[in-house]
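Protein chains: 2
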Amino acid sequence: MIENEADVVVVGAGLAGLSAARVLAEAGQDIVVLEARDRVGGRTCSVIEEDGRLVEYGGQWVGPTQDRMLELIEQFGLDTFTQYADGDNLQLVDGKLLRYHGAVPTGDPLIAADLMDAMVDLTSAALEVDTAEPWRHPRATELDGLTVESWIRQQPYCEGAKVWLRAMTRALFPAEPGEISLLHALFYISSGGGLEKMIGTINSAQETRITHGSMQVSERLAELLGDSIRLGCPVSRIEYTDSGVTVHHDGGITRARRAVVALAPTLAGRIRYSPPMPGLRDQLTQRIFMGSSVKISVAYATPFWREDGLSGHMMGDNTLVQVTFDQTHPDRPEGVLVCFVDSNSARRALAMTAEERRAHVIEDLVTYFGEKARHPVNVHEKLWMEEEWSRGCYTGILSPGTWSTLGQVLRTPVGPIHWAGTEYATVWSGYMDGAVRSGETTAAAILAEAGR
Amino acid sequence: MIENEADVVVVGAGLAGLSAARVLAEAGQDIVVLEARDRVGGRTCSVIEEDGRLVEYGGQWVGPTQDRMLELIEQFGLDTFTQYADGDNLQLVDGKLLRYHGAVPTGDPLIAADLMDAMVDLTSAALEVDTAEPWRHPRATELDGLTVESWIRQQPYCEGAKVWLRAMTRALFPAEPGEISLLHALFYISSGGGLEKMIGTINSAQETRITHGSMQVSERLAELLGDSIRLGCPVSRIEYTDSGVTVHHDGGITRARRAVVALAPTLAGRIRYSPPMPGLRDQLTQRIFMGSSVKISVAYATPFWREDGLSGHMMGDNTLVQVTFDQTHPDRPEGVLVCFVDSNSARRALAMTAEERRAHVIEDLVTYFGEKARHPVNVHEKLWMEEEWSRGCYTGILSPGTWSTLGQVLRTPVGPIHWAGTEYATVWSGYMDGAVRSGETTAAAILAEAGR
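Chains as they are written, first to last, in this note's numbering: chain A, 1013 to 1464; chain B, 1013 to 1464.
Below is the structure:
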């Protein structure tokens, strides 16, 4: 058991916490970072598995306008490569495999027109939402009281287009269209700069991979912070006054003048605070739930789909696997498909045994990519909902009615306790870039306060 | 610091926990009950204040079909009296005070017809929901993906009726119509036996008061349990295996073969479990938020409204105070109005100082009951959202999309850990009666297991 002191204690060594800590440390603040896990990186998790392959279990892509992540990659001199996207994408419509190009599943031309309209409609509505203050939208209450599902039902698009709108919603958040308020969806789309930029590959959010793993960014940030990072120290309790905090964790007690709690809001809400959090803050964290996703990496001897003119990217509407991408590593011979099992499919997948899940996933891959998909050489999976210190992914989602009535307390410090995490970001919220931005913004606010 | 052992450890000494403990103790099980507060009773809280008056800060009414509460009252020989309901109720429509009778604000006859239709529609739809398994409703996914707000918008009722439907929703849950899934609303209405029974006074859920306070029921249950109840022992951590639990709390460590966690689900989700809760259970508790309500008791020298032919009951649609009842005690001369500030109004009220809140409340009461309401002799308030061990009231609400995808794990034990609380009840969920029923049902399940 240690007892130590710092100017600022940061709870959570994901990208947000590490980014906050780095800015504070560079400004001369004495920092302690407390991390529950035995590693840094939070919802990024890059592991070299027994077969020598790098498996990206968590967040993995960066793309244009994700400037803070791109700058960190550049600054740390990390190698990158471009997501494989040659050849055709696949979707299944009425039991028939269709090929298409680009971000939107447009294999059926009748559906395609409506789907493109919907994307334009959603994106232009989103750009009217100020991500710093979504509750100020003139129709905030109305938009926040409707789910994405009820919006879809009200639209004039053909039923086929509605099916794919739902599928895209499940992949993007990941949650059911009936769980997400329209205002939250528009906030999220606004923060990412529009739907097409978010779901696409080239010139979009899935464009670039970090060759030796996205977790490298956190590891390099951690190197800058040296021994101020304490792993294996989940925080159970934070006592605070106007002048400081006393943080109780599995490794001991840390005192500081300020704290940055850099956890997903729902997890931040599980810490016991003394005095208790204000009612509005607590009601807010009760209303932010984590998305549901299972990420499965399926390796084959070779990327056989490339010979068939396929990109390895598919979107499903009622299969367990909802999205795949070619995850083949440039340094390795194996062909890899990374499979996302999202939203309610992820919940169904959690009720299965690992063997059942694997059998379902392989069956889905055979449906899309043919019999050659039946015999993988290796399968690795990550059940983010089972992870004690994440409890879901990719991000926290404000439940219907929450932005419009409680949103204004989301980013407000409580006494000496500040907040950071991708959920708090105004740009690329839910993404690695948003996490970095949020951490840096919070650090700047603390420095401005300290300088007063 | 104590270390003790029991057959069953019950976490939470509200009506659910105490009811479970009582059944288990009567069956010969050795029980320890751990309570975070320095009192029993949970979301009931009856206090004799400095002026000698009993103030009911929490749940207070019972009515027909709330059989378990009625039986306990009878068994403990508690005095009761009937809610005062003589005279006219009040509502404000377009700035004009209207008088009406009965549960539904029908002061405007054009609005009344639509409102009665809506109540019949909702109640008959609700009775199609099996409260034990709402996810089995043939249209569960659709109903769960729509909010009450979007349902209201789709209906043919006049705008005036829609205003009052929203007001009733805010008072009943209490949450905004845009926060509540239609499936959850129907579950809730079904569990209470229909809307009119839930919002009415005579022959309904607000019919009967317990003369010396509803908390008496918990206190009498606690007397039966003697020194097995430990107050001031919030639980931080539960370690469990198939054969038992080790519960870490502020008072020490309690070991038992089984646990009943009798807390609102969102609070149950804040305990640290080892091993961690299964992913589906955790995703569920992330999606159950507590309602928002402030309860304010305003005492006057006499119940002056009675002389004006008024019942003391009003419903507001856009005032801070949304509902009042005559809370005058049969043993006392003062006239008391109990004021409910619900849903988003409660959140707005939390952002005010106590003085501002009081001024707003008095102004609202003057609007409805005239200038005589301007000078109370005393005001007492309870901000349930600020209560560390409740974090809102009256009950937990499953967010849109949750019943249909995660509802089936709500009442399922996890290893030796069972759940109880009014949120788990199939009859009168959200009410004191539901809490008792849930506790007794969980105890019976444990006894059945233990008897195997």
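Every residue, glycine too, gets a C-beta built ideally from N, C-alpha and C.
Query - Terminal residues of the beta strand (DSSP E) in which A/MET1327 lies - result: The sequence position of residue 1327 of chain A within the first sequence is 315, counting from 1. Note, A/MET1327: beta strand (DSSP E), 1322 to 1327.
Requested in this report: Note down, one range per segment and in chain order, each beta strand (DSSP E) of at least 3 residues found wholly within the region 1047 to 1076 of chain A.
Outcome: Scanning the region 1047 to 1076 of chain A from its first residue to its last, the whole beta strand (DSSP E) runs of 3-plus residues come out as 1058 to 1060 and 1066 to 1068.
Query raised in the report: Hey, is B/PRO1388's beta-carbon within less than 7 Å of any beta-carbon in chain A?
Result: What you label residue 1388 of chain B is simply residue 376 of the second sequence in a count that begins at 1. Judged by the 7 Å Cβ criterion, B/PRO1388 is not in contact with chain A.
Query raised in the report: Straight-line CA distance for B/ARG1049 to B/GLU1399?
Result: Taking the second sequence and counting its residues from 1, one reaches residue 1049 of chain B at position 37. Taking the second sequence and counting its residues from 1, one reaches residue 1399 of chain B at position 387. Roughly 10 Å between the two C-alpha positions.
Requested in this report: Would you please verify whether the beta carbon of B/ASP1262 is less than 7 Å from any beta carbon of chain A?
Outcome: Within the second sequence, the letter at position 250 stands for residue 1262 of chain B. Any Cβ of chain A closer than 7 Å to the Cβ of B/ASP1262 would place that residue at the interface, and such an atom is absent.
Requested in this report: Please name the residue, chosen from A/SER1216, A/ARG1282, A/ALA1234 and A/GLU1231, that lies closest to A/SER1248 on a Cα-to-Cα basis.
Outcome: Along the first sequence, read from residue 1 onward, the residue named residue 1248 of chain A stands at position 236. Distances from the alpha-carbon of A/SER1248 to those of A/SER1216, A/ARG1282, A/ALA1234 and A/GLU1231 put A/ARG1282 closest.
Query raised in the report: To the nearest whole angstrom, what separates the beta carbons of B/ILE1201 and B/GLY1303, a pair I think is in contact under 8 Å?
Result: Indexing the second sequence from 1 puts residue 1201 of chain B at position 189. Indexing the second sequence from 1 puts residue 1303 of chain B at position 291. Contact between B/ILE1201 and B/GLY1303 is absent: CB atoms are separated by about 15 Å, not below the 8 Å threshold.
Query - Cβ neighbour criterion (16 or more within 10 Å) applied to A/ASN1356 - result: Position 344 of the first sequence, counted from the start, is the residue given in the question as residue 1356 of chain A. Around the CB of A/ASN1356, 16 or more other CB atoms lie within 10 Å, so the residue is classed as buried.
Query raised in the report: Hey, how far is the Cα of A/LYS1394 from the Cα of B/MET1227?
Result: Numbered from 1 along the first sequence, position 382 holds the residue referred to as residue 1394 of chain A. Numbered from 1 along the second sequence, position 215 holds the residue referred to as residue 1227 of chain B. If I take the Cα positions, the gap works out to 47 Å.
Query raised in the report: What residue ranges within the region 1232 to 1301 of chain A form continuous beta strand (DSSP E) runs of no fewer than 3 residues, ordered along the chain?
Result: You should have 1247 to 1253, 1256 to 1261, 1264 to 1273 and 1284 to 1286.
**Report entry** Terminal residues of the beta strand (DSSP E) in which B/PHE1337 lies
**Finding:** For the purposes of this step, residue 1337 of chain B is taken as residue 325 along the second sequence, with counting starting at 1. Residues 1335 to 1338.
Query raised in the report: Using the rule of at least 16 other Cβ atoms within 10 Å of the residue's Cβ for burial, across every protein chain shown, is A/ARG1221 buried or exposed?
Result: Position 209 of the first sequence, counted from the start, is the residue given in the question as residue 1221 of chain A. Residue environment for A/ARG1221: buried (at least 16 other C-beta atoms within 10 angstroms of its C-beta).
Report task. Consider the Cβ of B/SER1411: report whether some Cβ of chain A lies at a distance smaller than 7 Å. Result -> Along the second sequence, one-based indexing puts residue 1411 of chain B at 399. For B/SER1411, the answer is yes, since a Cβ of chain A falls inside 7 Å of its Cβ.
Report task. List the residues that DSSP assigns as beta-bridge partners of A/ALA1018. Result -> If you number the first sequence from 1, residue 1018 of chain A lands on position 6. Note: A/ALA1018 is bridge-paired with A/ALA1268 in the DSSP secondary-structure output.
Query raised in the report: Just how far apart, CA to CA, sit A/ASN1330 and A/PHE1199?
Result: In the first sequence, the residue the question calls residue 1330 of chain A occupies position 318. In the first sequence, the residue the question calls residue 1199 of chain A occupies position 187. Looking at the two C-alpha atoms, the distance is approximately 27 Å.
Query raised in the report: At what residues does the beta strand (DSSP E) containing B/ARG1165 begin and finish?
Result: By one-based count along the second sequence, residue 1165 of chain B stands at place 153. If you look at B/ARG1165, you'll find it isn't in any beta strand (DSSP E); it sits in the alpha helix (DSSP H) that goes 1160 to 1166.
Requested in this report: State the CB to CB distance for the pair A/ILE1214 and A/ILE1429, rounded to an integer number of angstroms; the pair is presumed to be in contact (CB under 8 Å).
Outcome: The residue you call residue 1214 of chain A lines up with position 202 of the first sequence. The residue you call residue 1429 of chain A lines up with position 417 of the first sequence. No, A/ILE1214 and A/ILE1429 are not in contact; Cβ-Cβ is about 42 Å, not under 8 Å.
**Report entry** Amino acids of chain A, ordered along the chain, whose beta-carbon sits closer than 7 Å to that of B/PRO1288
**Finding:** Locating residue 1288 of chain B in the second sequence gives position 276, where the first residue counts as 1. The answer, in chain order, is GLU1400.
Report task. Using a Cβ cut-off of 7 Å (strictly closer), state whether B/ASN1356 contacts chain A. Result -> As a working mapping, residue 1356 of chain B is identified with position 344 in the second sequence. Look at B/ASN1356: its C-beta is under 7 Å from a C-beta on chain A.
Requested in this report: Determine the chain B residues that contact A/GLY1442 at a beta-carbon separation under 7 Å, and present them in chain order.
Outcome: Here residue 1442 of chain A refers to the residue found at position 430 of the first sequence. Residues of chain B passing the Cβ test: none, with the nearest at roughly 16 Å.
Query - Within chain B, partners of A/GLY1157 - CB distance below 9 Å - result: The sequence position of residue 1157 of chain A within the first sequence is 145, counting from 1. Near A/GLY1157 (Cβ distances below 9 Å), the residues of chain B are THR1159, VAL1160, GLU1161, SER1162, ARG1165, GLU1188, PRO1189, GLY1190 and GLU1191.
Query - Status (buried if at least 16 other CB within 10 Å, exposed otherwise) for A/ASP1091 - result: Reading the first sequence from its first residue, position 79 is the one you call residue 1091 of chain A. Its Cβ having fewer than 16 others within 10 Å, A/ASP1091 is exposed.
Query raised in the report: By how many angstroms is the C-alpha of A/GLY1238 removed from the C-alpha of A/ALA1000?
Result: In the structure as shown, chain A starts at 1013 and stops at 1464, and residue 1000 of chain A therefore has no counterpart that could be examined.
Query raised in the report: Near A/ALA1271, which residues of its chain fall below 8 Å by C-beta distance, leaving aside the five closest residues on each side in sequence?
Result: As a working note, residue 1271 of chain A is residue 259 in the first sequence. Within the same chain, Cβ atoms closer than 8 Å to the Cβ of A/ALA1271 are found at VAL1020, VAL1021, VAL1022, VAL1023, ILE1250, TYR1252, VAL1257, VAL1259, PRO1428, ILE1429 and HIS1430, the five residues on either side in sequence being excluded.
Query - Reference A/PRO1246; option with closest CA among A/ASN1016, A/ALA1025, A/ALA1115 and A/VAL1426 - result: On the first sequence, residue 1246 of chain A is found 234 positions in, with the first residue counted as 1. Of the residues A/ASN1016, A/ALA1025, A/ALA1115 and A/VAL1426, the one whose Cα lies closest to the Cα of A/PRO1246 is A/ALA1025.
**Report entry** Interface residues of chain B facing A/PHE1301 [CB-CB closer than 8 Å]
**Finding:** Numbered from its first residue, the first sequence carries residue 1301 of chain A at position 289. Against A/PHE1301, the close residues of chain B are GLN1295, GLN1298, ARG1299 and SER1411, in the order they occur along the chain (beta-carbon pairs closer than 8 Å).
Requested in this report: Using a Cβ cut-off of 8 Å, pull out every chain B residue sitting near A/THR1266, in sequence order please.
Outcome: Here residue 1266 of chain A corresponds to residue number 254 of the first sequence, with the count starting at 1. When 8 Å is used as the limit between beta carbons, A/THR1266 is near no residue of chain B, the shortest such separation being about 18 Å.
Query raised in the report: From what residue to what residue does the alpha helix (DSSP H) around A/ILE1458 run?
Result: On the first sequence, residue 1458 of chain A is found 446 positions in, with the first residue counted as 1. From DSSP, the alpha helix (DSSP H) with A/ILE1458 extends over 1444 to 1463.
Report task. Using a cut-off of 9 Å between C-beta atoms, extract the partners of B/ALA1115 located in chain A. Result -> For the purposes of this step, residue 1115 of chain B is taken as the residue at position 103 of the second sequence. Those within 9 Å of B/ALA1115 in chain A number zero; the least Cβ separation is about 25 Å.
Report task. Under 6 Å Cβ to Cβ from A/ARG1370, same chain only, skipping five residues before and after it: list those, please. Result -> To locate residue 1370 of chain A, count along the first sequence from 1; it is residue 358. Only VAL1391 meet the Cβ criterion.
Query - Top-ranked residue by Cα proximity to B/LEU1422, from B/HIS1372, B/ALA1138 and B/GLU1435 - result: For the purposes of this step, residue 1422 of chain B is taken as residue 410 along the second sequence, with counting starting at 1. Ranking B/HIS1372, B/ALA1138 and B/GLU1435 by Cα distance to B/LEU1422 puts B/GLU1435 first.
Query raised in the report: Using 7 Å as the limit for Cβ to Cβ distance, is A/ARG1370 near chain B?
Result: In the first sequence, residue 1370 of chain A corresponds to position 358, counting from 1. By this cut-off, A/ARG1370 is not an interface position.
Query - Best match in A/VAL1067, A/THR1135, A/ALA1125 and A/ILE1458 for proximity to A/VAL1466 [C-alpha to C-alpha] - result: There is simply no residue 1466 of chain A to check, as chain A begins at 1013 and stops at 1464 in what is shown.
Query - Interface partners of A/LEU1122 on chain B, CB under 9 Å - result: Residue 1122 of chain A sits at position 110 when you count from the first residue of the first sequence. Within chain B, no residue comes near A/LEU1122; the closest Cβ sits about 25 Å away, beyond 9 Å.
Requested in this report: Establish whether the CB of B/GLY1054 and some CB of chain A are separated by less than 7 Å.
Outcome: For the purposes of this step, residue 1054 of chain B is taken as the residue at position 42 of the second sequence. False, the Cβ-Cβ gap to chain A never drops below 7 Å.
Query raised in the report: Shortest alpha-carbon distance to A/PRO1186 belongs to which of A/VAL1350, A/VAL1335 and A/PHE1093?
Result: Here residue 1186 of chain A refers to the residue found at position 174 when the first sequence is read from its first residue. The shortest Cα separation from A/PRO1186 among A/VAL1350, A/VAL1335 and A/PHE1093 belongs to A/VAL1335.
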